[in-house]
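Residue numbers (this note's numbering), protein chains in the order written: chain A, 1 to 309; chain B, 1001 to 1309.
Heads up, the beta-carbon is just placed ideally off N, CA and C, and yes, glycines get one too.
Computed from a predicted structure; not experimentally measured.
Protein chains: 2
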Amino acid sequence: MARVFIIGAGATRIGEHWDKSLRELATEALLAAVRDAGVDKRDLEAVYVGNMSSGALQGQEHLGSLIATWAGLAGVAAFKVEAACASGGAALHQAFLAVASGCYDCVAVVGVEKMTDALPHDVTASLVTAEDQEYVAFTGATFVGLNALVYRAYMAKYGVKQERVAEFAVHCHRMAVANPYAQFRREVSIEEVMSSPLIADPIRLLECAPVGDGAAALVLCSEDYLRRNPRDELVEIVGSAAATDVFSVHERRDMTTLAASRRAAEAALRQARVEPRDVDVLEVHDAFTILGVITLEDLGYAGRGEGWR
Amino acid sequence: MARVFIIGAGATRIGEHWDKSLRELATEALLAAVRDAGVDKRDLEAVYVGNMSSGALQGQEHLGSLIATWAGLAGVAAFKVEAACASGGAALHQAFLAVASGCYDCVAVVGVEKMTDALPHDVTASLVTAEDQEYVAFTGATFVGLNALVYRAYMAKYGVKQERVAEFAVHCHRMAVANPYAQFRREVSIEEVMSSPLIADPIRLLECAPVGDGAAALVLCSEDYLRRNPRDELVEIVGSAAATDVFSVHERRDMTTLAASRRAAEAALRQARVEPRDVDVLEVHDAFTILGVITLEDLGYAGRGEGWR
């Protein structure tokens, strides 16, 4: 397997971009990553786009070719990769494989969503297409509702108070203050979280990831490419893995653990030959506080029922 | 780059499957490919799903995990790859890269669409999401309309009569007669094609690919996997490439040539070290007769304006 390096990163601010379309956000992040990489964009041989909602919210599919064209890259190989909330990560995994295969020397990956110019009901409906339309979504179930069930099951199983789980939001907001790309750059207190409106009992508004617009991009390259375009600082992808769980929340044997997170993290750590404690920066999917807490347990950073610590 | 082999293939009949859902069609093809490969399905490490329309027509995204679960494969890495009408081919390309990278030893790829249980207007609207929603589709343009423009431009440029282009449908129907998976297994005459209803002047009904339901799947594996699971007959993927053109039909410098087909075919032939004339079986995208004719020219099987011969 060929080694894979990250040589550029770019992002837009996340927020309500009334003045920018999906393609503009993606192109802005993509070209920022190319500038950051300090390469000629014509060196890119492939573009991977991670996106879930453009079909439902913009009536636009075929984003690979669309964004390649708008970035002035028509001609490259281009693909959209979709895996619900993991679409960006899944696209990065494909870009990694493309370079690791030796087939491509320099590729870009961009994750983009444009959600604020749709009505709330349409956003909720587009998100729940990640659950089972025939057996779950048609009942009117929403993701916040399903995660409320998970939340209750977790509190009941481990005798944990909601305030402890909700602390995850306080922590995440603190991390966002210094991040110029973050949507909300202010700290919140646990009192603010717990007194924010109830969305789906017990989930409070400030325990939910906000709806937003934005894009982030990376440029990846091979060792061969680096030899031709040398640089001092190197970031290598030393492990990348993906996994699934059973499809629906109700099908899981235990709602309070995410088998896919555990499995994928184990595989990536094995590839990288590192232990969880060797990791300095960790980013987990926390659409709702409870998911962040459970993921910390699945990734080996806390015992079962102790992720909130 | 590791060598990649095809060890199994499966498909459903293409047609109107009122009694089968999208997931059932995909699972049927996927498990048929696994049976054909003669392997234990638990050997599969990843599933790639090629699909364009499930979001619009079934309100269902996240097909990678959905189909992995329904095929009894929950746990594997799973992804949906979308590239409009090229979604199946794009998914196959990713599956190829996954094995070529050395990351995966045995993967499945399945292409699936379920279109007949939607109203014609909804099918047309879902297809045109592959064109530019903001600049083209919102005008009411459809793909058959856009290809009618291409058709007229081709006939005008090369002084070719429609009967010559429409012959492509006669040829394709002849090829379908012996194919048990084909949607329409009967020959048609050029008179039937030319007297079929006009859909978008000059395109006639029998010059259009029909709307249908169905799925097709392959199992790919590495040389390592073959060593552990030897077999006599081998099919190797000796070249695989993808490319884009500018996004919209009206942006092309010349509407009568498909730059992406030419570019991708050249790259794949170069990888495989073969010439167009070495190829025994050719399958081209022929949503409309004109596209088949133009593709034959772009792939080097005919001179410009002579693909209809």
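Please report the straight-line C-alpha distance between residue i and residue j, rounded to a whole angstrom.
i                  : j                  : result
Ala-71 (chain A)   : Asp-1201 (chain B) : 34 angstroms
Ile-294 (chain A)  : Leu-31 (chain A)   : 35 angstroms
Val-1150 (chain B) : Ala-1125 (chain B) : 20 angstroms
Asp-43 (chain A)   : Arg-1013 (chain B) : 42 angstroms
Asp-317 (chain A)  : Glu-223 (chain A)  : Because chain A spans 1 through 309 in this model, residue 317 (chain A) falls outside it and cannot be assessed.
Ala-1215 (chain B) : Glu-1016 (chain B) : 12 angstroms
Phe-168 (chain A)  : Gly-159 (chain A)  : 17 angstroms
Thr-1129 (chain B) : Gln-60 (chain A)   : 5 angstroms
Arg-1231 (chain B) : Ala-1011 (chain B) : 22 angstroms
Glu-1275 (chain B) : Leu-1269 (chain B) : 6 angstroms
Ala-90 (chain A)   : Pro-1210 (chain B) : 32 angstroms
Ala-1077 (chain B) : Leu-296 (chain A)  : 20 angstroms
His-250 (chain A)  : Val-34 (chain A)   : 43 angstroms
Cys-208 (chain A)  : Leu-258 (chain A)  : 18 angstroms
Leu-25 (chain A)   : Gln-58 (chain A)   : 13 angstroms
Ala-182 (chain A)  : Lys-114 (chain A)  : 15 angstroms
Cys-172 (chain A)  : Leu-282 (chain A)  : 12 angstroms
Val-284 (chain A)  : Ala-260 (chain A)  : 13 angstroms
Gln-311 (chain A)  : Met-1 (chain A)    : Nothing can be reported for residue 311 (chain A): it is not among the residues displayed for chain A, which extend from 1 to 309.
According to DSSP, simplified to helix, strand and coil, what is residue i?
i                  : result
Asp-213 (chain A)  : strand
Ala-2 (chain A)    : coil
Ile-290 (chain A)  : helix
Gly-1159 (chain B) : coil
Val-1099 (chain B) : helix
Arg-1304 (chain B) : coil
Ala-9 (chain A)    : strand
Tyr-48 (chain A)   : strand
Ile-1067 (chain B) : helix
Phe-1138 (chain B) : helix
Ile-190 (chain A)  : helix
Ser-222 (chain A)  : strand
Phe-1079 (chain B) : strand
Gly-38 (chain A)   : coil
Glu-251 (chain A)  : helix
Leu-146 (chain A)  : helix
Arg-164 (chain A)  : helix
Val-274 (chain A)  : coil
Leu-1206 (chain B) : helix
Ala-1108 (chain B) : strand
Glu-236 (chain A)  : strand
Leu-1198 (chain B) : strand
Using CA coordinates, which residue listed in the options is at the minimum distance from residue i?
i                  : options                                        : result
Arg-234 (chain A)  : A:Ala-95, A:Val-219, A:Cys-172, A:Glu-24       : Rather than Arg, the amino acid found at residue 234 (chain A) in this sequence is Leu. It is A:Val-219.
Leu-392 (chain A)  : A:Arg-164, A:Ala-176, A:Gly-111, A:Ala-264     : Coverage of chain A is limited to positions 1 through 309, which leaves residue 392 (chain A) absent and any answer about it impossible.
Tyr-48 (chain A)   : A:Leu-119, A:Ser-240, A:Ala-108, A:Arg-309     : A:Ala-108
Phe-1096 (chain B) : B:Val-1004, B:Gly-1055, B:Pro-1210             : B:Val-1004
Val-1123 (chain B) : B:Tyr-1181, B:Ala-1011, B:Ala-1056, B:Ser-1196 : B:Ala-1056
Glu-306 (chain A)  : A:Asp-132, A:Thr-27, A:Lys-157                 : A:Lys-157
Ser-1021 (chain B) : B:Ile-1067, B:Met-1001, B:Ala-1009             : B:Ile-1067
Arg-1164 (chain B) : B:Ile-1190, B:Tyr-1181, B:Val-1177             : B:Ile-1190
Ser-65 (chain A)   : A:Gln-58, A:Phe-79, A:Ser-53, A:Ser-54         : A:Phe-79
Leu-1205 (chain B) : B:Ala-1009, B:Ile-1290, B:Val-1281             : B:Ile-1290
Arg-1174 (chain B) : B:Gly-1300, B:Gly-1075, B:Ala-1141, B:Glu-1187 : B:Glu-1187
Ala-1084 (chain B) : B:Gln-1094, B:Asp-1117, B:His-1062, B:Leu-1127 : B:Leu-1127
Gly-1310 (chain B) : B:Ala-1241, B:Ala-1086, B:Asp-1036             : Since the first residue shown for chain B is 1001 and the last is 1309, residue 1310 (chain B) is missing from the structure and cannot be characterised.
Asp-1132 (chain B) : A:Arg-23, A:Gln-133, A:Val-246, A:Ser-196      : A:Arg-23
Ser-248 (chain A)  : A:Leu-73, A:Asp-40, A:Phe-143, A:Ile-199       : A:Phe-143
Lys-161 (chain A)  : A:Arg-309, A:Met-255, A:Ile-7                  : A:Arg-309
List, in chain order, every chain C residue whose beta-carbon is nearer than 7 angstroms to that of residue i.
i                 : result
Asp-245 (chain A) : Here chain C cannot be found, since the structure's protein chains are A and B.
Going by other Cβ atoms of all chains shown within 10 Å of its Cβ, with 16 needed for buried, is residue i buried or exposed?
i                  : result
Met-1121 (chain B) : It should be pointed out that residue 1121 (chain B) corresponds to His in this sequence rather than to Met. His-1121 (chain B) comes out exposed.
Val-238 (chain A)  : exposed
Tyr-1154 (chain B) : buried
Glu-45 (chain A)   : buried
Phe-138 (chain A)  : exposed
Trp-18 (chain A)   : exposed
Tyr-1135 (chain B) : exposed
Arg-263 (chain A)  : buried
**Message:** Short of 7 angstroms Cβ to Cβ, which residues in the segment 1037-1060 of chain B face chain A?
**Reply:** Met-1052, Gly-1055, Ala-1056, Gln-1058, Gly-1059, Gln-1060
**Asked** Going along the segment 1013-1035 of chain B in order, which residues come within less than 7 angstroms of chain A, judged by CB to CB distance?
**Response** Ser-1021
**Message:** So if I threshold CB-CB distances at 7 angstroms, which residues from the segment 1076-1109 of chain B count as touching chain A?
**Reply:** Val-1076, Ala-1077, Ala-1078, Phe-1079, Lys-1080, Val-1081, Glu-1082, Ala-1083, Ala-1084, Ala-1090, Gln-1094, Leu-1097, Ala-1098, Ala-1100, Ser-1101, Gly-1102, Cys-1103
**Message:** If the cut-off is 7 angstroms on Cβ atoms, which residues from the segment 1116-1129 of chain B count as contacting chain A, listed in chain order?
**Reply:** Thr-1129
**Message:** Tell me which residues of the segment 232-256 of chain A have at least one Cβ-Cβ distance to chain B shorter than 9 angstroms, keeping chain order.
**Reply:** Ser-240, Ala-241, Ala-242, Ala-243, Thr-244, Asp-245, Val-246, Phe-247, Ser-248, Glu-251
**Message:** For the segment 1263-1294 of chain B, list every residue whose C-beta sits within 7 angstroms of some C-beta in chain A, in sequence order.
**Reply:** Arg-1263
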